[in-house]
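Q: Take this structure, written in structure tokens, and hold onto it; I'll ask about it next.
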Amino acid sequence: MRKLLAGMVLLGSTLGGGFFKSSQAVELVCVSGNQLLQESQFAQKIKQQLQQKRNQLIEEFKKKAQELQEKMKKLQEEVTSGLLSKEEREKKEKQLEELNKQLQMLQIQTQQQIMAYTQQQLQLLDKLAKEAIKALSQSLGFKAAIDCTQLLYYDKSIDITPQVAKILDQMAKEAGKLGPAASMLNETPSINQALPPLGK
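If you count the sequence shown from 1, position 138 lands on 126 in the numbering used here, and the numbers rise without skipping.
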């Protein structure tokens, strides 16, 4: 950990060399969250993992949902055939109702799994991003860092997003969490849009 922090200080000094040299009084800096997502390879890796996991869970849902829907279709045909006794029809209707509940539960579980995995990955990204901001701020003597979007106006010289992105990626590599660079960083569709409607 000491070696990593020492590397952060050295990297921060290198990145800040000349850029903040003439602004020793700079105490407040800002970071753009959206830009950080675009520039950080680690953020791209997280985004790719989210997309892959989401696609995997949705494919599993579709497969199981199709099996349930086929059973429901068969039962529905039997119920409406007019060939069943009242007792048999009521039994089939209960089975149909149970399958419908299973289908609804399957959709809910899939949504919950996607949300849980998304939250887990974003928490990891947020944790490392904050550590990167702290490391850079301490190494260059900044007193506070804020989201650039919270400022009505700011000079570009206080935007340290590119430097934070580099340190974030370095920290991720040190932690063994960053593999080959990913290139997927488009907006992920909402979970409700991703999952097909029930019965379809």
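Backbone N, C-alpha and C define an ideal beta-carbon position, used for all residues, glycine too.
#1: Between ALA33 and GLN109, what straight-line distance do the alpha-carbon atoms span, to the nearest angstrom?
#2: For a test of the three-state rule: what should DSSP assign to LEU16, helix, strand or coil?
#3: For ILE155, name the three-state secondary structure that DSSP assigns.
#4: Is DSSP giving ILE34 helix, strand or coil here?
#5: Should the region 62 to 72 be regarded as contacting the region 82 to 93, the criterion being three or more beta carbon pairs within less than 8 Å?
#6: Look at the Cβ atom of ILE121, then the Cβ atom of ALA133, and state whether they are nearer than 8 Å.
#7: Taking the beta carbon of GLU15 as the centre, do at least 16 other beta carbons fall within 10 Å, making it buried, or is it exposed?
#8: Counting pairs of Cβ atoms below 8 Å between the region 155 to 165 and the region 23 to 31, do you hit three or more?
#9: What residue range is occupied by the uninterrupted beta strand (DSSP E) comprising ALA133?
#10: Whose CA, out of ARG77, ILE155 and LEU91, lies closest to the CA of GLN126?
A: This is what the structure gives:
#1: Residue 33 sits at position 45 when you count from the first residue of the sequence shown. Residue 109 sits at position 121 when you count from the first residue of the sequence shown. Checking the displayed sequence, the identity of residue 33 turns out to be Lys instead of Ala. Computed Cα separation, rounded: 10 Å.
#2: Counting from 1 along the sequence shown, the entry for residue 16 is found at position 28. DSSP places LEU16 in strand when its eight states are reduced to three.
#3: To locate residue 155, count along the sequence shown from 1; it is residue 167. If DSSP states are grouped into helix, strand and coil, ILE155 belongs with the helices.
#4: One-based indexing of the sequence shown puts residue 34 at position 46. ILE34: helix per DSSP, three-state reduction.
#5: yes
#6: Within the sequence shown, numbered from 1, the residue matching residue 121 stands at position 133. Within the sequence shown, numbered from 1, the residue matching residue 133 stands at position 145. Yes, the pair counts as a contact, with Cβ atoms nearer than the cut-off.
#7: Here the question's residue 15 lines up with position 27 in the sequence shown. The residue in question, GLU15, is exposed, as its Cβ has fewer than 16 Cβ neighbours within 10 Å.
#8: yes
#9: Taking the sequence shown and counting its residues from 1, one reaches residue 133 at position 145. Its beta strand (DSSP E) spans residues 132 to 135.
#10: Looking up residue 126 in the sequence shown gives position 138. With distances taken between Cα atoms, GLN126 lies closest to ILE155.
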